[in-house]
Amino acid sequence: MQTKEDSSTTTNFKSPNIENDCIKALSHYDDEYQHGICQEFKKNRKNKLSDKKIPEGQKCLVCGDSSSGIHYGIISCNGCKTFFRRVVIENRTYSCQNDGKCIIDKSMRCACRHCRFKKCLDLGMDRSELNIERRRKRKTTNFEGNSSESNIQVNDSTIKLLLQREKEYVAMLKSTIAPIHSTLAESLSNPESTFLDVEKYEAVQMKPGDQTNFSYWRAKNLSTFIEWAKTFEEFKSLKQKDKESLLVHTAFSYLVLSEAFHTPERYSDRIVFPDGLSGYRNLSADILKERSGLIPTVVAVINHILVPIRKMKMKVIEYVLLQAIIFFDPECLALSQSAVECISKKRNELLKCLRIYLQSEMSNVDASARYAALLLRISNVHKVAAFKRETICTIETFNLMSPHPLTMEISKRYPETSFF
């Protein structure tokens, strides 16, 4: 409830340039007082701000970083805009260990998500603005990926979430500061995914021509895959041993399908990584001799995954669902019974989601054929993944190269989790 002092203070904001007066005044008050002030003008602010240009150098009301415009009703930066949007869309809830009294500024905005979201709301970020934005887009998600379509109709919450995870996966993969884990135990020491702070990592993106190698990209893909897995509540509910077993069982299948799908569409004779590093199907004898440990696995990915998914024109929605179906595999031998039940339930939900999506896009006959064709891809993905693991183990055994420790751990532990 607003105090008398609050009421007298807000009279200072009766100015034609309301947003500048507001920002100047807000800088002198703590979060609690800002909330009282904001209640006075936020009803009128939306219409007034929408017609005005943001002055150069204007700061984000939430964290003080440079603003990029008016987002969901207030002047804010891209980071706070993205954060607010993700929390609302995914209906996330957070708790604070400091009784909701954390200071939120540019340097500390990622420290407490509860207080950051609370400050967004207190300063006037409006959920209804997000609903308007989504209706305006007519539930269409624009995805700059490997799909031949520019617009993808999305009406299912599971699909929306998987598409969001895919965007975050690509951003983390391209980030030069995203972590590359050394062991499975270390990667799971923090149960929360780094995807929650994706805006921090995507700010430093890899440029074409950066010097990397195949070993780097295997480890980077596998590390990012683990962070992707940690975004699922079903995975987070598993015991540590079950988590490790499921990751070992599915990691290389995710890796090889990801390598193929994320190769730019114009290429069908090579695997291309974000920095431009390429593995070709046809190389000279000298290069084949020099890289004899690597080329067969690249050729296998091209021939048995890349070429087939290009021929069938796999869509990004089909891809994200297929990756999730591959990941939630109850056939992993080392899983506990409770884990098998949890994973089976999730996989059935994903299979149903894929079937319903296809039926909404085409006739029942065509949908059934497409459904079967997509699921048949899984067998080849598993075979190529097995070949890649075996090749890496051979390379390490004969000291041909030194694979990354995480890559080696997953490769060597695989027999614990599967028949083949």
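Residue numbering for the sequence shown follows UniProt numbering, beginning at 1 and increasing consecutively. The beta carbon of each residue, even a glycine, is placed where N, CA and C say it ideally should be.
Quick check: residue i and residue j, are their CB atoms within less than 9 Å of each other?
{"i": "R355", "j": "P330", "result": "no"}
{"i": "P405", "j": "S182", "result": "yes"}
{"i": "L246", "j": "T407", "result": "no"}
{"i": "residue 440", "j": "E192", "result": "For the chain, the structure presents residues 1 to 420; residue 440 sits outside this window and is missing."}
{"i": "I74", "j": "M125", "result": "yes"}
{"i": "L333", "j": "E416", "result": "yes"}
{"i": "F83", "j": "R127", "result": "no"}
{"i": "R377", "j": "F252", "result": "no"}
{"i": "M312", "j": "A219", "result": "no"}
{"i": "V301", "j": "V170", "result": "no"}
{"i": "K239", "j": "K230", "result": "no"}
{"i": "R85", "j": "Y72", "result": "yes"}
{"i": "R310", "j": "W228", "result": "no"}
{"i": "Q205", "j": "T224", "result": "no"}
{"i": "residue 438", "j": "S66", "result": "Residue numbering for the chain in the displayed model covers 1 to 420; residue 438 lies beyond these limits and cannot be assessed."}
{"i": "I325", "j": "L375", "result": "yes"}
Going by C-alpha distance, which of the options is nearest residue i?
{"i": "I104", "options": "V87, Q240, G64", "result": "G64"}
{"i": "S338", "options": "H249, T417, P274, D242", "result": "D242"}
{"i": "C393", "options": "N380, H382, I410", "result": "I410"}
{"i": "A260", "options": "T224, I305, I226", "result": "I305"}
{"i": "L173", "options": "A369, S418, I226, A111", "result": "I226"}
{"i": "D269", "options": "A171, F232, E244, V299", "result": "V299"}
{"i": "Q323", "options": "V381, D366, N98, K106", "result": "V381"}
{"i": "Y414", "options": "C342, T250, A372", "result": "T250"}
{"i": "L184", "options": "S95, V248, P296", "result": "V248"}
{"i": "D99", "options": "E318, R92, R116, K59", "result": "R116"}
{"i": "K106", "options": "K311, M314, S363, V62", "result": "V62"}
{"i": "residue 421", "options": "Q97, P296, R165", "result": "This structure gives no information on residue 421, because the portion of the chain shown stretches from 1 to 420."}
{"i": "K160", "options": "N303, T93, Q97, C353", "result": "C353"}
{"i": "S258", "options": "M314, V204, M362", "result": "M314"}
{"i": "N303", "options": "V320, Y267, L321, N190", "result": "Y267"}
{"i": "N91", "options": "G276, K345, T158", "result": "T158"}
{"i": "G276", "options": "W217, D156, K345, T397", "result": "W217"}
{"i": "D156", "options": "V307, N190, E349", "result": "E349"}
{"i": "P308", "options": "M362, P179, S379, S368", "result": "S379"}
{"i": "L123", "options": "I70, K167, T93, E168", "result": "I70"}
{"i": "I395", "options": "S215, V320, N190", "result": "S215"}
{"i": "D197", "options": "P179, E186, K345", "result": "P179"}
{"i": "K167", "options": "Y319, T397, K118", "result": "Y319"}
{"i": "S418", "options": "A367, D366, L335, Y94", "result": "L335"}
{"i": "N213", "options": "N190, P274, S368, H262", "result": "P274"}
For residue i, list the residues DSSP reports as bridge partners.
{"i": "G57", "result": "DSSP lists no partner for G57."}
{"i": "Q205", "result": "S175"}
For the putative contact between residue i and residue j, defined by C-beta atoms under 8 Å, what is the C-beta separation to the nearest angstrom?
{"i": "F327", "j": "Y254", "result": "6 Å"}
{"i": "L351", "j": "R370", "result": "Going by Cβ atoms, the distance from L351 to R370 rounds to 13 Å, so no, they are not a contact pair."}
{"i": "C120", "j": "A111", "result": "So it is not a contact: roughly 15 Å between Cβ atoms."}
{"i": "E234", "j": "I89", "result": "Contact doesn't hold; Cβ gap of about 19 Å is too wide."}
{"i": "V256", "j": "P264", "result": "Actually they are not in contact, since the Cβ atoms of V256 and P264 sit about 17 Å apart, beyond 8 Å."}
{"i": "C60", "j": "C80", "result": "6 Å"}
{"i": "L163", "j": "E244", "result": "Contact flag wrong, Cβ pair sits at about 27 Å."}
Any heavy atom of the ligand PLP closer than 8 Å to the Cβ of residue i?
{"i": "A339", "result": "As for the ligand PLP, it is missing from this structure, which has no ligand bound."}
Is the Cβ of residue i closer than 9 Å to any Cβ of chain B?
{"i": "S268", "result": "No chain B appears in the structure shown, which is made up of a single protein chain."}
Threshold first: 4 residues or longer. Then list the alpha helix (DSSP H) segments lying entirely within the segment 334 to 408, N to C. Correct list: 337 to 361, 364 to 397.
Any chance you could list the alpha helix (DSSP H) runs of at least 4 consecutive residues sitting entirely within the UniProt domain "Nuclear receptor" (57 to 132), in chain order? You should have 78 to 89, 113 to 122.
Counting only runs that start and end within the segment 181 to 252, where is the alpha helix (DSSP H) found for 4 or more residues in a row? The segment 181 to 252 contains these whole alpha helix (DSSP H) runs: 184 to 187, 198 to 202, 214 to 229, 233 to 236.
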